[in-house]
Every structure is written in C-alpha cells, then in structure tokens.
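All remarks here apply to the structure that follows.
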Amino acid sequence: MNVFTVIRKQVIDAIEAEVADGGLPADLKLDAITAELPRDASHGDVSTNAAMVLAKPAKMKPRDVAEKIVARVSYADGIISADIAGPGFVNLRLEPSMWQSVVSDVLNLGVTYGDSELGGQTPVNVEYVSANPTGPLHVGHARGAVFGDALAALLAKAGYAVTKEFYVNDAGAQVESLARAMHFRYLEALGKKSAEDFATAAEAGEVEYAGDYLKDAAGVLASRDGDKWAGLSEDEWLVPLRNFSIASMLDMIREDLAALGIAHDVFTSERALVDAGQVDRAIADLEKDGLVYTGTLAPPKGKKPDDWEPRPQLLFKASEFGDDIDRPFKKSDGSWTYFASDVAYHRDKFDRGFAEMIDVWGADHGGYVKRMQAGVKALSSDKGALDVKICQLVKLFDNGEPVTMSKRAGKFVTLRDLIDAVGKDVVRFIMLTRKNDAPLDFDFAKVTEKSRDNPVFYVQYAHARIHSVFRHAAEVLPGQDLSDDALATADLSLCSDSDELAMMRSISLWPRTIDAAAVAHEPHRIAFYLYDLAAQLHALWNRGNDDAEMRFLLPDQPERSLARLALVRSVAVVIASGLDVFGVKPLKEMR
RNA sequence: GGACCCGUAGCUCAACUGGAUAGAGCACUCGCCUUCUAAGCGAGAUGUUGCAGGUUCGAGUCCUGCCGGGUCCGCCA
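Heads up: take any position in the first sequence, counting from 1, add 12, and you land on the numbering used here.
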C-alpha cells in the first residue's frame, strides 16, 4: 500500500461524487491531479493540486472547487482534516496510523518494498558499456557501466522486463590494428622481436594499442601455438589472430565488469550481424520505404576539413525524422558505415521484441543521438522508442589535485585502478551521485573519507548504526523476538513524535521515488533519497543524546522500544533496498 | 557556421518533471558525548535561479532570442 495513491484515490472519489451530484461538470480530466508531501511540513501531511487543475475546465474559481473537495474528503478514512491554502491547494492532515502502518508494510515486504507494477513487464533493452574490444576498461567506461547497470536494476524493480546488452564492435578497422599489435607482441613473446623494437614501432605509429595488456594474451598464444604464426604472411595470420585477440580482449572486459559486479545478459557481435546479411536487409527495407538515396552532402559549415571533396554516397533521409542532415550509409569505398550497422543492430533489437530501447553512451557521442533516434523511428515505423543517456566525463582528483592521464603512452587510469584504490561499492555509489548529463568529479581522497560530505560513507553509516542498535537490543530486551515478522506486529502508535512521523513519511516516499526515477531514467535520484533518509536517521539518533526518553532502547519500556526498533529496522530495509538497486552491499559495521 | 548538453548561495550540487517562503553539503561562528557508533547532531545567512521577453491561476522547470562554458560536426568506431 502506498499512502499517496490511497489519498489521491480518495480525492478523486470525492470529486467524482461531487460530479455525480452535479456540483462539478462531467468529463473532467483527472490525470494531472497529484497527491504529494508538501515541502513545508506546516502545510499538513499530504497536499493536492486538484482544485487548481480543475478550476479552468470547470469554469470556477480554484477556491470554490477546493471547498467542494474539502467538504467531501474531510470525512474520508484516515483523514483528520482538510483545509484550503494559498492559490487553492487542499492540505490534508492524516491519522498518524496512516504513516505508522507503513512500517509494518516495509517489514513484511523486506527489500521488495518499493517494487512496482509500473512497467507491466514491458520488455526494455538497456545497452551499456559496449566498449571496443581492444583493451581494458578505463574510468570513462566505469561511469557508463555503473549507470547502465543501476538503470537496468531500477527498471526491473519498477516492473519492466529488462535485458542488459553489450554491443561488440568487432567489425571495424580497429580490430585489425589490434591483430597487428597482437602479432608484434606474439613475436616479442617468442623472442623474435624485442621490447625496444615494439617501442620504436609504436613511436613511429606502426603499431596501435601500445599498452602492456596485450603481452599476457600474446604469451598465451605463443605457448598454445608455438611459432605457428611467425613465418606466415599477414594475409594468413590476420583473421585468426584477430579472432583470438577479440576473444581475449572480451574476456578481459568481462573480468573487469565482473569486478564491478556487472554481468550482461546478451553480447551481440557487430561482425555476426554483418556476416548474417542483417545490414543489407535492414538497409534494403529502408530503401523500400523510399528512405535511402544516393546524393552528395554539403560540407560542414564553418569548419571545413582540409581534404574535403564532394562525393556521391548512399544516404539515409535522417532529416525526415528530426536529424539535421541526411547521414551516409556507405563509405566511398562501398563498405557500410558504422551508422549503417548500428541501424541494423537496432533493427535487430526491435525485431527481438524491444520497442523500448535505452543506449548509454559516452560524452563524445552526443552528436550521434539524433541520427540514431531517426534511424530507430524509420526502421520501426515509429513504433520503437530509443532513449539515449549520455554520461558526461569523470574528472579524477586526489585531494583536490587533478589526476592526469595520458592515453597516448597507453597509460590511462583503468577501471581496475579505480576499484583497487577505493573498492567496488564506493565506485558504484559515487558514479551515481550525479545526473548522467552532468560532469562528475571523482576524488580518490574524498570518496574514502569518513564524513558527511562523502555520501557513500554517510548512508552506510546510517545502516551500520541501525545494526548496532540491534546488537544492543538483544541485551537490553532479553527474550524478545526481534525478527522482522515479530517487529511488524509492534504497536507503532507508540511512535508519535513528530520526528518519528517524519521518518515514516520519508519511508513512504520510497515507492514513488522508484517510480519517478524509473520513468525519468534517472537512478541518481535514489542516491539523493538515501542521503536524505540517512540524515533523518542520524538526526533521530542524536535526539537520544539530548533526551534519554528519545533513545531507541528503553529498558523499562519494552513495548515502546519494540516500536522504535521496528521503525529503525524499516529504515535499514529501505536503505538496503536502495543500495540493492545500486548493486552496493549495505554494511553492518563501520569500525 | 550548425547541433547537443550545461549555467541555481563564495565552492560542489538538489529541487518529487509546472506548485506554496528555491533547499542540502563544504567553508565560517557557537553549542551538544557517564548511557544505542560524536566517523554524528543542533543553531546561526547567504539568491535578480546567466540576461530579456513570452505561455498561465502559478515558471529554476515549458517556448523564443541573446550571453557564457563544454562536447561534437562526410568515408573513426
């Protein structure tokens, strides 16, 4: 049960009863009516905008509508009083039991409290990471990885049937460069080339992917195949070594992801799509719809490439679907562009039953969003929807000092470095403390600091404190059953302090926080919610320092203690539930 | 030149997607530990929400135009 939906229902019942009696016109649209916690507690428990929303269509003054609502809703179950405020808000004061009952709901449901039916098990495909299989994951990938994973968990909690997908870009020229670098490392492993040779070649730009990470894989290849590939021409070794390289890089990426607690459901290979003729088919279908033609693009204004020359190309009418210009499907050599195979890939997702798709991309792909959405509209006859979440850059600091990384030297801060430095859970939580489209500062010193301005610590500390209470409770209340089932039957009417009721209100916001975050595709809202919840818990805790009567454990008042234990236990459950969406383990102890 | 993102307190960020007097942390001052973790809590004040218009009962939020910052801009994925 959700307090807000219950109250909203009662407001709507009141309006419908009034309509039936002729006090309000029929056919009013009730969708925009809300029931929410007012920002200011003096405005009551729940506030509704119904009168203001209905005033215009009903051709009445907001306050007149409000009076009609108040007259009826005042007598509804659980409502003590209703009054009109400001421009026409109806403020409701609820029976404390309305909030108190939330506690037992939470204890009965456990971490499934907050699960919703919002999604109706609609299939949603969340594609994230999708890093090129050419090296280990780095910091930039970490944010998209965590974001996508948390978004997937969030949508699952909100009742969607989520598939987590990784798109493997294994068809372009970059994997051939990878194969060449692998071959070089392989010769090095056999002792036929030296590290100096490699450095020279890398310096001259003859070998890309100069990082050391290929060495291990090359060693594996050398011990498996001996010098089998050493005397052959590139034509002979390129394909097998390419396949070997991709496979070993993917293994490495999967291990990196596993270290972050991430496991995708589906890996889709670009090359497999191309080989299966899916690109040809997808483009042919668009051609049938008259959306493909051969033409010449105008050069970009203002910043013209030096080697610009007009060329006729196979183009997609992206501009008919909201993009700025039409986009090329074929390169001048006649091969497909990356965009063409990406269209085929999204067509493939759509055909697999995903009308709702979410792609998580890095900041440098911002300019690609419109064309991909245009592509999805075209290939799905406007039945598919693609939301693209762009994750902005992560700026690394150590105690306020920027951490520089040079990708050139093959030395960038890897995902592993991050995890080794601060731990998986800290990485995950911090990456979710900002909106995806805002840049994020990640300070190695700060994220491990034990203070209020480190949100991970602060939330975990609240959880640990609650567990600490329970460790003591066993001594203070010997023989009491402190299980969730038992606490769910505690007499919560003994928790009637205004701070305790406020705590319950916050707990009751959890389901709607989930829904709102899921609809907006914004997992970061959970981080802020948890932070606020933790702050309230810490505040309530400290009430006990000032006033012994407010301590959770009162040896001479077992009933009241049990009620308070039920309350704080439900806070712990909600925190655990939120951290669960983030893939973070709640801590029972911080010492 | 164009497209996309961002612009809120000295700094870092919120604001329940159009609601009431725009809120937190940091920094600064003062106060709170014989008892559940003081790694915490309480009190104290800061704003022309970049600027100018528009839409309506009501705008930080939506629309238009400027200003400033970032990212990107045919055959790289």
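Positions of the beta carbon are idealized from the N, C-alpha and C atoms, including for glycine.
C-beta atoms of residue i and residue j nearer than 9 angstroms
{"i": "leucine 36", "j": "arginine 517", "result": "no"}
{"i": "alanine 242", "j": "tyrosine 198", "result": "yes"}
{"i": "leucine 452", "j": "valine 439", "result": "no"}
{"i": "proline 148", "j": "aspartate 268", "result": "yes"}
{"i": "leucine 226", "j": "alanine 275", "result": "no"}
{"i": "valine 278", "j": "threonine 175", "result": "yes"}
{"i": "alanine 47", "j": "valine 31", "result": "no"}
{"i": "alanine 207", "j": "methionine 264", "result": "no"}
{"i": "valine 372", "j": "leucine 163", "result": "yes"}
{"i": "leucine 504", "j": "leucine 591", "result": "no"}
{"i": "phenylalanine 178", "j": "methionine 443", "result": "no"}
{"i": "glycine 34", "j": "glycine 273", "result": "no"}
{"i": "valine 85", "j": "isoleucine 92", "result": "no"}
{"i": "lysine 401", "j": "phenylalanine 454", "result": "no"}
{"i": "arginine 75", "j": "isoleucine 45", "result": "no"}
{"i": "leucine 565", "j": "leucine 494", "result": "no"}
{"i": "histidine 550", "j": "alanine 474", "result": "yes"}
{"i": "proline 311", "j": "leucine 327", "result": "no"}
Nearest-angstrom Cβ-Cβ length linking residue i and residue j, presumed shorter than 8 angstroms
{"i": "alanine 369", "j": "asparagine 181", "result": "Reading off the sequence shown, one finds methionine at residue 369, where the question assumed alanine. Not a contact, Cβ separation roughly 17 angstroms."}
{"i": "phenylalanine 16", "j": "arginine 524", "result": "6 angstroms"}
{"i": "alanine 62", "j": "isoleucine 27", "result": "7 angstroms"}
{"i": "valine 141", "j": "histidine 153", "result": "6 angstroms"}
{"i": "cysteine 403", "j": "alanine 433", "result": "So it is not a contact: roughly 20 angstroms between Cβ atoms."}
{"i": "arginine 236", "j": "alanine 294", "result": "With 8 angstroms as the limit, arginine 236 and alanine 294 do not qualify as a contact, their Cβ atoms being about 38 angstroms apart."}
{"i": "aspartate 399", "j": "histidine 533", "result": "6 angstroms"}
{"i": "aspartate 95", "j": "valine 77", "result": "Rounded, the Cβ-Cβ distance is 14 angstroms, inconsistent with contact."}
Rounded separation between residue i and residue j - CA only
{"i": "proline 108", "j": "alanine 498", "result": "21 angstroms"}
{"i": "alanine 191", "j": "leucine 253", "result": "6 angstroms"}
{"i": "serine 353", "j": "aspartate 25", "result": "53 angstroms"}
{"i": "cysteine 507", "j": "serine 582", "result": "13 angstroms"}
{"i": "proline 280", "j": "serine 480", "result": "Position check: residue 280 holds threonine in this sequence, whereas proline was assumed. For threonine 280 and serine 480, the distance between alpha carbons rounds to 47 angstroms."}
{"i": "asparagine 557", "j": "arginine 563", "result": "7 angstroms"}
{"i": "arginine 155", "j": "glycine 131", "result": "25 angstroms"}
{"i": "valine 355", "j": "valine 459", "result": "40 angstroms"}
{"i": "leucine 574", "j": "phenylalanine 482", "result": "11 angstroms"}
{"i": "alanine 70", "j": "serine 116", "result": "41 angstroms"}
{"i": "isoleucine 478", "j": "leucine 521", "result": "20 angstroms"}
{"i": "tryptophan 553", "j": "alanine 546", "result": "10 angstroms"}
{"i": "glutamate 606", "j": "alanine 457", "result": "Missing from the structure shown is residue 606; the chain here goes from 13 to 603 and no further."}
{"i": "glycine 491", "j": "alanine 514", "result": "30 angstroms"}
{"i": "serine 347", "j": "glutamate 282", "result": "14 angstroms"}
{"i": "phenylalanine 366", "j": "glycine 396", "result": "8 angstroms"}
{"i": "arginine 105", "j": "glutamate 79", "result": "16 angstroms"}
{"i": "glutamine 325", "j": "valine 381", "result": "21 angstroms"}
{"i": "threonine 308", "j": "alanine 173", "result": "43 angstroms"}
{"i": "leucine 338", "j": "lysine 329", "result": "Sequence inspection shows aspartate at residue 338; the leucine mentioned does not correspond to that position. The alpha-carbon atoms of aspartate 338 and lysine 329 are separated by roughly 5 angstroms."}
{"i": "glutamine 22", "j": "alanine 88", "result": "7 angstroms"}
{"i": "lysine 300", "j": "glycine 435", "result": "52 angstroms"}
{"i": "arginine 266", "j": "aspartate 292", "result": "30 angstroms"}
{"i": "leucine 40", "j": "methionine 72", "result": "13 angstroms"}
{"i": "glutamine 472", "j": "alanine 97", "result": "39 angstroms"}
{"i": "arginine 420", "j": "threonine 212", "result": "Annotation note: pLDDT 41 at arginine 420 (below 50); position unreliable, coordinate value reported separately. Answer to the nearest angstrom: the Cα atoms are 14 angstroms apart."}
{"i": "glutamine 290", "j": "valine 251", "result": "21 angstroms"}
{"i": "glutamate 218", "j": "methionine 261", "result": "21 angstroms"}
{"i": "proline 598", "j": "arginine 464", "result": "17 angstroms"}
{"i": "valine 114", "j": "alanine 500", "result": "10 angstroms"}
{"i": "asparagine 14", "j": "glutamate 188", "result": "56 angstroms"}
{"i": "arginine 555", "j": "alanine 143", "result": "50 angstroms"}
{"i": "aspartate 209", "j": "aspartate 224", "result": "14 angstroms"}
{"i": "glycine 379", "j": "glycine 184", "result": "20 angstroms"}
Sheet register partners of residue i (DSSP bridge)
{"i": "phenylalanine 279", "result": "Phe178"}
{"i": "arginine 84", "result": "Its beta-bridge partners do not exist; DSSP assigns none."}
{"i": "cysteine 507", "result": "DSSP output for cysteine 507 lists no bridge partner at all."}
{"i": "valine 304", "result": "Phe328"}
{"i": "valine 406", "result": "Leu452"}
{"i": "glycine 374", "result": "Cys403"}
{"i": "serine 93", "result": "Arg105"}
{"i": "valine 136", "result": "Val174 and Glu368"}
{"i": "valine 58", "result": "Leu104"}
{"i": "glutamate 208", "result": "None, per the DSSP bridge assignment."}
{"i": "lysine 342", "result": "Trp348"}
> Are the stretch 538-545 and the stretch 583-602 touching, with three or more C-beta to C-beta distances below 8 angstroms?
Replying inline: Taking 8 angstroms as the limit for Cβ pairs, the verdict is that the stretch 583-602 does touch the stretch 538-545.
> If you pair each beta-carbon of the stretch 331-345 with each one of the stretch 384-397, do three or more pairs fall below 8 angstroms?
Replying inline: They touch, by the three-pair rule.
>> Using 8 angstroms as the cut-off, can you tell me whether the stretch 155-170 makes contact with the stretch 120-128, which would need three or more C-beta pairs spanning the two stretches below that distance?
In response: Result yes; three or more Cβ-Cβ pairs closer than 8 angstroms.
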